[in-house]
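Residues 11 to 173, numbered by the working numbering, are exactly what the sequence shown covers, in order. Glycine included, every Cβ here is placed at the ideal spot set by N, Cα and C.
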Amino acid sequence: TTPAMQPGMCVPVEGCRNIYKIFQLTNNKIPPKILTYIRQSVCRLAGVTKAVCCQLSQIDKSVLVDKQGSNKPSLLPVECGIITTDRISNGQATAPFEFPWMALLRYKDLSGTITDGCGGSLINERYVLTAAHCLGVRRLVLDHVRLGEHTKSKEQDCIGSED
Numbered sequence: 011t012t013p014a015m016q017p018g019m020c021v022p023v024e025g026c027r028n029i030y031k032i033f034q035l036t037n038n039k040i041p042p043k044i045l046t047y048i049r050q051s052v053c054r055l056a057g058v059t060k061a062v063c064c065q066l067s068q069i070d071k072s073v074l075v076d077k078q079g080s081n082k083p084s085l086l087p088v089e090c091g092i093i094t095t096d097r098i099s100n101g102q103a104t105a106p107f108e109f110p111w112m113a114l115l116r117y118k119d120l121s122g123t124i125t126d127g128c129g130g131s132l133i134n135e136r137y138v139l140t141a142a143h144c145l146g147v148r149r150l151v152l153d154h155v156r157l158g159e160h161t162k163s164k165e166q167d168c169i170g171s172e173d
């Protein structure tokens, strides 16, 4: 979400109509309140020097395609801004699927036996963040990742759970 609590997307500053217009019209004399909003809008976007979290209705989609016309997906998530949901459970017992981004890394040894190993967190639709020592474990190969595992001692936490 943007600093104004509107749904937003991280885009090059040139692709955000309202913020880009401010830079074009003001000759570097931006009012402090607007400057604060712009600073709070700054986000990171792969291969882009200046990017902002832009309100969806203000995005100029014609600027988003790069000069080569490439549509390669970014490896980083496009969501940006302030996280508005609370992910802390105050020490209370959790329910199945309450923390679906939690990851259990499962390894296969030379005999083919699956072993539970490290944990991690799903940080976007492609990547799980884990500790460095969890990779390159001798004689073990990362076989798969299980998301949202609730009770390891149960074969299934509920009907229909899958790896």
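- If only uninterrupted beta strand (DSSP E) runs of at least 3 residues are considered, those enclosed by the segment 46–71 are 52–55 and 58–65.
- A distance below 6 angstroms between beta-carbons, with the five flanking residues on each side excluded, links L139 to the following residues of its chain, in chain order: G130, S131 and I133.
- Listed in chain order, the non-local C-beta contacts of D119 below 7 angstroms within the same chain comprise T125, R149 and L150, local neighbours out to five positions each way being set aside.
- Here W111 has S131 and L132 as same chain residues with Cβ atoms under 6 angstroms from its own Cβ, once five neighbours each way along the sequence are excluded.
- Its Cα nearest to that of L157, the residue E108 stands out among C144, T123 and E108.
- Ranked by Cα distance from E135, the first of A113, A61 and L152 is A113.
- Put simply, of L66, S67, N28 and V58 the residue whose alpha carbon is nearest the alpha carbon of I48 is N28.
- Counting only runs that start and end inside the segment 101–149, the beta strand (DSSP E) elements of at least 3 residues fall at 112–119 and 124–132.
- In the three-state DSSP reduction, G158 falls in the coil class, being neither helix nor strand.
- P13 is positioned such that its CB atom lies closer than 8 angstroms to that of S51.
- Annotation for A141: C128 place their beta carbon closer than 7 angstroms to its own, counting only its chain and skipping 5 residues before and after.
- For the pair S72 and G25, the Cα-to-Cα distance works out to about 8 angstroms.
- The beta-carbon distance between D153 and Y117, rounded to whole angstroms, is 6 angstroms. This is short enough to meet the 8 angstroms contact definition.
- By the C-beta density criterion, L115 is buried, having at least 16 other C-beta atoms within 10 angstroms.
- The beta carbons of M15 and C64 sit about 14 angstroms from each other, so the pair does not count as a contact at 8 angstroms.
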